[in-house]
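Okay, so here's the structure we're looking at.
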Amino acid sequence: MIAPYIQIYRTKGAFKFSLAAFIARMPISMMSIAIVFVVVAKTDSYALAGTFTAVGALIAAFVAPFWSRAADRYGQSRILTIAAPIHIAALLGFLTAIRLDAPKWSWFLLLMLFEGVFVGTGQMVRRRWSHVLNGDSKLMNTAYSVESLLDEIVFMVGPIITTLCATNIGPYAGVLTAAIFLSVGSIFFISQKETEPTPHPKVKGIKHRNPIFTVEVQSIFFPFIFAGASFSATGLIIVGYADQYGAKSQTGLLYAIWALGSLIAAFINGALHWKISAKNRFMFFTLALAIFTLPLLLAAKLFPGNFFTLSIALFLNGIFIAPLIVAGYTAAENLVEENQVTETLAWILSGLILGGALPGAITGHIIDTTGAQTAFIVPVIAMGISILTLVFYIKVWLKPRIK
1 MIAPYIQIYR
11 TKGAFKFSLA
21 AFIARMPISM
31 MSIAIVFVVV
41 AKTDSYALAG
51 TFTAVGALIA
61 AFVAPFWSRA
71 ADRYGQSRIL
81 TIAAPIHIAA
91 LLGFLTAIRL
101 DAPKWSWFLL
111 LMLFEGVFVG
121 TGQMVRRRWS
131 HVLNGDSKLM
141 NTAYSVESLL
151 DEIVFMVGPI
161 ITTLCATNIG
171 PYAGVLTAAI
181 FLSVGSIFFI
191 SQKETEPTPH
201 PKVKGIKHRN
211 PIFTVEVQSI
221 FFPFIFAGAS
231 FSATGLIIVG
241 YADQYGAKSQ
251 TGLLYAIWAL
261 GSLIAAFING
271 ALHWKISAKN
281 RFMFFTLALA
291 IFTLPLLLAA
301 KLFPGNFFTL
311 SIALFLNGIF
321 IAPLIVAGYT
331 AAENLVEENQ
341 VTETLAWILS
351 GLILGGALPG
361 AITGHIIDTT
371 GAQTAFIVPV
381 IAMGISILTL
391 VFYIKVWLKP
401 RIK
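Under the UniProt record's numbering, the first residue of the sequence shown is numbered 1, with each subsequent residue one higher.
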């Protein structure tokens, strides 16, 4: 089962750039929950904290594809060298504004700045895999599964680190730790010059066609929006649920159990040589995830305060996350030319991020007013809408172009 993993990591430089990207994207799982800890500690409002995370996600979703297009044109290292220092400086400014009790509009401005220079190494590292493996479909499935597996480790370990830092050191410690991970990982990733894909500068006279305006990319992007909404709502509810029952320190453990299901599924998915096409896997795993979001609501409503029951529901839900994301990335990559791969993958990731912005305020409001157990209705509804968008694009999925 591990043979495919050994094969891809024998590729020169693969281990280094994969490790660097892993470190650099650790803050992805830390930042939202870290901001929640900081804002709630200062204002005692989950609704406001949810609004901050929502605004941040919206901005990140909007700018990520444009940064990725720039990376395709000018080179990954060059773009990351510009964006990462600004991101970190603005993040520290955001913390300082909260610490000094500056007006809340200044919090939002600094949040907009540091999210506005968000450059995701997740799509960059996937582009590198495609580059060094020459687009081999079987090896790419394993490589994308590796990155999804690492994503799940990120989402398992990151919240635990954040929770430990915020509850044992102070509410600001989680954000500062995330900044350290980003700094170290970015420097390491920038140094990996040998495996960097060749830039594709804009050719004069040839008009750039944004991949998001193609129905094929939209058929993945829009279902991902509502899957992302489900993930984001669930993550916020986990924090509120643990707090509601006086077990805030268990937040990281619940996150870890949720991510563990996805991690195990990612490992198995990467070892398999699928005979089912990526588009069919995407449709199947979207439906399966929608079905297994229901147990979250049932566990919370029927067994309030029972963390064991909720843990089982989270684990089962997590099983379908990584395979869904891998199938979506794989199907999307097959749709575009090489010089648009990073941008296309960024749009797919932006679907998840954009979706993550949608339910923050309403989920926080439900937690504040009726309790976290009721708020689990939000991810259920989100996945229901994801299925509807999938059905809307069913004619696209039946086309032979999508592999």
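Just so it is clear, CB atoms sit at the ideal spot from N, CA and C, and this is done for glycine as well.
#### Entry: Helix, strand or coil at Ile276 according to DSSP, with G and I counted as helix
coil
### Helix, strand or coil at Ile402 [DSSP, three-state]
Low confidence applies here, because Ile402 scores a pLDDT of 49, under 50, leaving its location unreliable; read the following figure in that light. Residue state, collapsed to three classes: coil.
### Task
Figure out for me which residue from Leu294, Leu324, Leu254 has the closest Cα to the Cα of Ser277.
Leu324
### Query
Thr374 by DSSP, collapsed to three states: which one?
helix
### Query
Are three or more beta carbon pairs between the stretch 128 to 148 and the stretch 7 to 14 nearer than 8 Å?
yes
#### Entry: Closest Cα partner of Val239 within the set Ile268, Thr286, Thr162
Thr162
### Message
Restricting to Cα atoms, I'd like to know which of Pro65, Asp368, Ala322, Tyr245 is closest to Arg281.
### Response
Ala322
### Query
What do you get for Ala61, buried or exposed, if any count of 16 or more other CB atoms within 10 angstroms of its CB means buried?
buried
#### Entry: Assigned secondary structure, Arg10 (DSSP; H/G/I helix, E/B strand, else coil)
coil
### Task
Report the rounded CA-to-CA distance for Val146 versus Ala290, giving the unit in angstroms.
24 Å
### Simplified DSSP state of Ala331, which is helix, strand or coil
helix
### Task
For the alpha helix (DSSP H) containing Asn168, list its first residue and its last residue.
137 to 168
### Query
Considering Arg128, what are the terminal residues of the alpha helix (DSSP H) in which it resides?
121 to 132
### Task
State the DSSP-derived secondary structure class of Gly75, mapped to helix, strand or coil.
coil
### Query
Is the stretch 351 to 363 close to the stretch 48 to 55, with three or more CB pairs under 8 Å?
yes
### Message
Spatial neighbours of Asn317 within its chain, please: C-beta separation below 8 Å, excluding the five flanking residues on both sides.
### Response
Thr234, Trp258, Gly261, Leu289, Phe292, Thr293, Pro295, Leu296
### Message
Just to check my reading of the structure: Val217 and Thr43 have Cβ atoms closer than 8 Å, yes? What is that Cβ distance to the nearest angstrom?
### Response
The Cβ separation is near 39 Å, so there is no contact.
### Query
Which whole-angstrom value is the C-beta distance of Leu80 and Phe221, which I expect to be below 8 Å?
The pair is not a contact, with the Cβ atoms about 24 Å apart (cut-off 8 Å).
### Query
How is the alpha helix (DSSP H) around Phe224 delimited, first residue to last?
215 to 244
### Query
Considering only the beta carbon of each residue, do Ala83 and Trp107 sit closer than 8 Å?
no
### Whole-angstrom C-beta distance between Ala361 and Gly50, which should lie under 8 Å
5 Å
### Query
Among the residues of its own chain, which have a CB less than 6 Å from the CB of Ala227, if the five just before and after it don't count?
Ser386
### Query
So, using beta-carbon positions, are Ala166 and Phe37 closer together than 8 Å?
yes
### Task
Please report the Cβ distance between Ile328 and Ile225, rounded to the nearest whole angstrom; I am assuming they are in contact, meaning their Cβ atoms lie under 8 Å.
Sequence check: residue 328 is Gly here, not Ile. Not quite, the Cβ-Cβ distance comes to about 12 Å (not below 8 Å), so this is no contact.
### Query
So, are the CB atoms of Val378 and Thr363 less than 8 Å apart?
yes
### Task
With distances taken Cα to Cα, identify the nearest neighbour of Val175 among Met31, Thr251, Gln192.
Met31
### Query
Start and end of the alpha helix (DSSP H) containing Leu113?
104 to 116
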